[in-house]
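For the record, the sequence lines run as chains U and C.
Numbering-wise (this note's numbering), the first sequence opens with residue 1 and increments by one.
Numbering-wise (this note's numbering), the second sequence opens with residue 1001 and increments by one.
Even for Gly, the Cβ is constructed at its ideal location relative to N, Cα and C.
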Amino acid sequence: MSQNERDFLNTPDELGNFGPYGGRFVSETLMSALDELEEIYNKLSKDPEFQAAFDKDLAHYVGRPSPLYHAERWSKQLGGAQIYLKREDLNHTGAHKVNNTIGQALLAKYTGKRRVIAETGAGQHGVATATVAARLGLECEVFMGSEDVKRQSLNVYRMKLLGAKVNPVTSGTKTLKDAMNEALRDWVTNVDDTFYIIGTVAGPHPYPMLVRDFQCVIGREARSQCQEQTGRLPDALVACVGGGSNAIGLFHPFLSDESVTMYGVEAGGLGLASGQHAAPLCAGRPGVLHGNRTYLMEDGDGQIMHTHSVSAGLDYPGVGPEHSWLKDCGRVNYVAANDDEALSAFRTLTQVEGIMPALESSHALAYAAKLAPTMDKDQIIVVNLSGRGDKDILTVAEIDGISL
Amino acid sequence: MSRITACLQNLKQQNKKALIPFITAGDPQLDASVVLMHTLAGNGADIIELGIPFSDPMADGPVIQLADERALENGVTTTHVLNMVKEFRQTNQETPIVLMGYLNPIEAYGYEQFAKDAAEAGVDGLIVVDLPPEAAAEPIKLFDAAGLDTIFLIAPTTSDKRIARIAASGRGYLYYVSLKGVTGAGHLDIDGVNSKLETIRKTTDLPIAVGFGIKDAETARLIGQNADGVVVGSALVKLIAEFQNDREAMLASVSEFTQSLRQGLDQ
Ligand SMILES: Cc1ncc(COP(=O)(O)O)c(C=O)c1O
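Written as structure tokens, this is what we have:
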């Protein structure tokens, strides 16, 4: 392919395409709402006032910039590259998700819609949406697979305390993909007065673009923090990939830095060979789901497959379309970390650095732990610590055979 | 002229409205679908919409979601669906068959192969819920070449500008979604439907079928006053689910229900 056809810097095009991926595949009822959202976003994203409001909220409500922390002790133990953690876990509400909900809440406010809805897996995006809704006085309903309601019960209660209604979804596999189906059904029904706050870089255009833009604050900060602290750019970036929002947020501002190698870490579940995983980029093929064309876990007949991951936030059969394109272009390497590797990284970071990571982020840490020893001591890896692990304590306790 | 267009023109000449029932292929059993199709055709259906089951039917309400789940549990594949049409065609060459579903199973099958196999099986048209005309240019070419009508949806939220664009891409008939919501929802607004139909007719001569929320003879009659056809899905699928373990009772109640819709439309 020619250079032009491999262009991953100026995406998406005006139809929302990232190479052959992305686009807008939804039922007709939603087309005008998406047109409207696109128009508003195109206008506001160029409006300095909107940007200033976004930056202000990120600074004073979310607590940005988040630190870039040199995990010296862990790096020494691994005996290779120096690992720096981008501390998205220190954001208000405990994950990177809030960067995006702050941005979309500003869009919702502009549209004048009085109700917001969201899908959630781990509950972090649900909590972040309930949080901004509480702050703006908007009605909020969150859709969550009934499996996830069970394994992320702390976040369910947090959302309720924040005044949101949590709707357990019992159709299909009862996880994130089904929550997204149900959120889309709600949106079709209440499209006049409802703003759908999608939690990751998936869904129909313009969501993959606007969620990415809101999350890029992660990579922009990390880039300048790394230069400030070390005098140079990192050699490698590592982030977990569920839908792909924390990963694209870190990667995107580095895409034209050719010396920076990137690793997106999918959920390997019980191992890619077992089929029990959530790794469409490593083991899937392109198809269409939830409004965009992207790599999916599907059977030969185009039916979406059951996924498995110990972490609810990665337990999704699709992935944001931009990642599909970055994979095909060869710009980002997509790899997988299994459940047990993630759990072991969860324990290690907690014990060695006193930082308890989310199980999602633990997948990135698990891969970094493999990568670091293969690199020199003066090389640098930046890992996106996308969220904190408090929400996962019950899951880990259960695996330990302890009931709290 | 396609079988769909011929059917609708013929009805129009007789001053009749098209009754278009929807069932999910492979529900409640794999071998029920062809029998059901004949039952529908024999009791007043003019066109049959046959749903290709999908694991993630985002535009469908609980009734059709469950039908899809049952069908997939029965192991139905796209090839099965095409074979059902083929079998139906052995004794019925008149009733147009429209396959309705989501894009991914068709994409997985391969557009070109699907167009060829569907046409050979005797399929007449396609409704792909999550394929708006903007993204359909290539598939339409293949479907046109195979003689399949690509039928598009228009929604209450569709702008006038989009109506023109959709009408230009549409073949066979246009499917007006009567309400903002998923299939099987209950908040039908007859006046709202009528005024939108008027708007659509200003842009196109294509026949317009109305679906979503039509659940009995009375709603069929009311909608039929201004539409060229009515689509009845969830109400029928619900009936099928109710009698899923009693084939005879299922066919009897489906016959009766179809006849009542026919009478409602013919009033
Ligand atoms: C802490 C954390 N990291 C990562 C993810 C995965 O989402 P994404 O891939 O969009 O960053 C989630 C999703 O719930 C999460 O809560």
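| query | For residue 311(U), which of 7(U), 378(U), 284(U) and 122(U) has the nearest alpha-carbon? | reply | Within the first sequence, numbered from 1, the residue matching residue 311(U) stands at position 311. Considering only alpha carbons, the answer is 122(U).
| said: Based on DSSP bridge pairs, tell me the residues matched to residue 86(U). | reply: One-based indexing of the first sequence puts residue 86(U) at position 86. The partner list for residue 86(U) (beta bridge, DSSP) reads 68(U) and 384(U).
| field | CB contact below 9 Å: residue 1104(C) versus chain U | value | Locating residue 1104(C) in the second sequence gives position 104, counting from the first residue. Yes - at least one Cβ of chain U is within 9 Å of the one on residue 1104(C).
| task | Determine the chain U residues that contact residue 1132(C) at a beta-carbon separation under 9 Å, and present them in chain order. | result | Your numbering for residue 1132(C) matches position 132 in the second sequence. Those within 9 Å of residue 1132(C) in chain U are 24, 25, 26, 27, 28 and 31.
| message | Looking only at its chain, what residues have a beta carbon closer than 8 Å to the beta carbon of residue 9(U), apart from the 5 residues adjacent to it on each side? | response | Residue mapping note: residue 9(U) aligns to position 9 of the first sequence, counting from 1. 255 and 256, listed in sequence order.
| query | What in chain U is Cβ-close to residue 1054(C), meaning under 9 Å? | reply | As a first step, residue 1054(C) must be located in the second sequence, where it is residue number 54. What residue 1054(C) touches in chain U: 302, 303 and 304.
| query | Checking contacts by CB at 9 Å: is residue 155(U) closer than that to chain C? | reply | Counting from 1 along the first sequence, the entry for residue 155(U) is found at position 155. Residue 155(U) does not count as touching chain C.
| query | Which residues of chain C have a Cβ atom closer than 7 Å to the Cβ of residue 284(U), listed in chain order? | reply | The sequence position of residue 284(U) within the first sequence is 284, counting from 1. In chain order: nothing, as chain C lies at least about 12 Å away.
| task | Using a Cβ-Cβ cut-off of 9 Å, state whether residue 1065(C) counts as contacting chain U. | result | As a first step, residue 1065(C) must be located in the second sequence, where it is residue number 65. Output row for residue 1065(C): interface = yes.
| Would a C-beta distance cut-off of 9 Å place residue 164(U) and residue 129(U) closer than the cut-off? | Counted from its first residue, the first sequence places residue 164(U) at position 164. Counted from its first residue, the first sequence places residue 129(U) at position 129. In this structure, residue 129(U) lies closer than 9 Å to residue 164(U) by Cβ.
| task | Below 7 Å between beta carbons is the criterion; list the residues of the stretch 174-189 of chain U that meet it against any residue of chain C, in chain order. | result | 177, 181, 184, 185, 188 and 189
| Which residues, taken in chain order from the stretch 1199-1230 of chain C, show a beta carbon closer than 8 Å to some beta carbon of chain U? | none
| What does DSSP give as the partner residues of residue 293(U) in its beta bridges? | Within the first sequence, the letter at position 293 stands for residue 293(U). The bridge partners DSSP lists for residue 293(U) are 22(U) and 288(U).
| Residue interval of the beta strand (DSSP E) (run including residue 212(U)) | Here residue 212(U) corresponds to residue number 212 of the first sequence, with the count starting at 1. First-last for residue 212(U): 207-215, but that is the alpha helix (DSSP H), not the beta strand (DSSP E).
| task | Could you please give the first and the last residue of the uninterrupted beta strand (DSSP E) stretch that includes residue 159(U)? | result | The count along the first sequence starts at 1 and reaches residue 159(U) at position 159. Element bounds for residue 159(U): not the beta strand (DSSP E) but the alpha helix (DSSP H), 153-161.
| field | Outcome for residue 145(U) when other beta-carbon atoms lying within 10 angstroms are tallied against a minimum of 16 | value | Start at 1 with the first residue of the first sequence, and residue 145(U) comes out as number 145. Classification for residue 145(U): buried.
| field | Proximity to residue 1134(C) [Cα-Cα], best of 396(U), 336(U) and 291(U) | value | The sequence position of residue 1134(C) within the second sequence is 134, counting from 1. The option with the nearest alpha carbon to residue 1134(C) is 291(U).
| task | Quick one: grab the DSSP three-state call for residue 355(U). | result | Numbered from 1 along the first sequence, position 355 holds the residue referred to as residue 355(U). Coil.
| said: Please confirm whether residue 18(U) has its beta-carbon closer than 9 Å to some beta-carbon of chain C. | reply: Taking the first sequence and counting its residues from 1, one reaches residue 18(U) at position 18. It does not; no Cβ of chain C falls within 9 Å.
| task | Using 8 Å as the cut-off, classify the Cβ of residue 104(U) as near or not near the heavy atoms of ligand 3, replying yes or no. | result | Among the ligands modelled here, namely ligand 1, ligand 3 does not occur.
| said: Taking the straight line between their C-alpha atoms, what separation do you get for residue 1044(C) and residue 98(U)? | reply: The sequence position of residue 1044(C) within the second sequence is 44, counting from 1. The sequence position of residue 98(U) within the first sequence is 98, counting from 1. Distance between the alpha carbons of residue 1044(C) and residue 98(U) is about 55 Å.
| said: Does the beta-carbon of residue 1092(C), which I'm using as the reference point, lie nearer than 8 Å to any heavy atom of ligand 1? | reply: Within the second sequence, residue 1092(C) is the residue found at index 92, counting from 1. No, ligand 1 has no heavy atom inside 8 Å of this Cβ.
| query | If you scan the stretch 1143-1175 of chain C from start to end, which runs of the alpha helix (DSSP H) of 4 or more residues do you find wholly inside it? | reply | 1160-1169
| said: Using C-beta distances below 7 Å, list every residue in its chain close to residue 33(U), excluding the 5 sequence neighbours before and after it, in chain order. | reply: Sequence index remark: in the first sequence, residue 33(U) carries index 33 (1-based). Excluding residues within five positions, the ones whose Cβ falls inside 7 Å are 191.
| field | Buried versus exposed call for residue 410(U) [16 or more other C-beta atoms within 10 Å across all chains shown] | value | Only positions 1 to 404 of chain U appear in the structure, and residue 410(U) is not among them; the question remains open.
| Got a sec, what are the start and stop residues for the alpha helix (DSSP H) residue 249(U) sits in? | If you number the first sequence from 1, residue 249(U) lands on position 249. Note, residue 249(U): alpha helix (DSSP H), 245-251.
| request: Just mark residue 341(U) as buried or exposed, buried being the case when its beta carbon has 16 or more other beta carbons within 10 Å. | output: Residue 341(U) sits at position 341 when you count from the first residue of the first sequence. When all chains shown are included, residue 341(U) counts as buried.
| How would you label residue 1263(C), buried or exposed, when you count the other beta carbons within 10 angstroms and need 16 or more for buried? | As a position in the second sequence, residue 1263(C) is number 263, starting the count at 1. Per the 10 Å Cβ criterion, exposed.
| task | Please confirm if the stretch 73-93 of chain U is in contact with the stretch 370-389 of chain U, defined as three or more CB-CB distances below 8 Å between the two stretches. | result | yes
| query | Smallest Cα separation from residue 1093(C): which of 1077(C), 1128(C), 1046(C) and 1030(C)? | reply | Along the second sequence, read from residue 1 onward, the residue named residue 1093(C) stands at position 93. Closest option to residue 1093(C), Cα to Cα, is 1046(C).
| message | Here's a check: name, in chain order, each residue in its chain whose Cβ is nearer than 6 Å to the Cβ of residue 1102(C), leaving out the five neighbours to either side. | response | To locate residue 1102(C), count along the second sequence from 1; it is residue 102. For residue 1102(C), where only same-chain residues beyond five positions count, the Cβ hits under 6 Å are 1054, 1129 and 1130.
| query | Taking all protein chains shown into account, do 16 or more other C-beta atoms lie within 10 angstroms of the C-beta of residue 378(U), making it buried, or fewer, making it exposed? | reply | Translated into the one-based positions of the first sequence, residue 378(U) becomes position 378. The residue in question, residue 378(U), is exposed, as its Cβ has fewer than 16 Cβ neighbours within 10 Å.
| query | Mind checking residue 1070(C): buried by the 16 CB within 10 Å criterion, or exposed? | reply | Working through the second sequence from its first residue, we reach residue 1070(C) at position 70. Taking all protein chains in view, the Cβ of residue 1070(C) is crowded by 16 or more other Cβ atoms within 10 Å, so the residue is classified as buried.
| request: Select from 21(U), 382(U) and 400(U) the residue whose C-alpha is nearest the C-alpha of residue 219(U). | output: As a working note, residue 219(U) is residue 219 in the first sequence. Comparing Cα positions, the closest option is 382(U).
| message | Output needed in chain order: residues of the stretch 124-144 of chain U with a Cβ under 9 Å from some Cβ in chain C. | response | Of all residues in the stretch 124-144 of chain U, none comes within less than 9 Å of chain C when Cβ atoms are compared.
| task | Compare the Cα-Cα distances from residue 18(U) to each of 202(U), 116(U) and 166(U) and report the closest residue. | result | Counting from 1 along the first sequence, the entry for residue 18(U) is found at position 18. Ranking 202(U), 116(U) and 166(U) by Cα distance to residue 18(U) puts 202(U) first.
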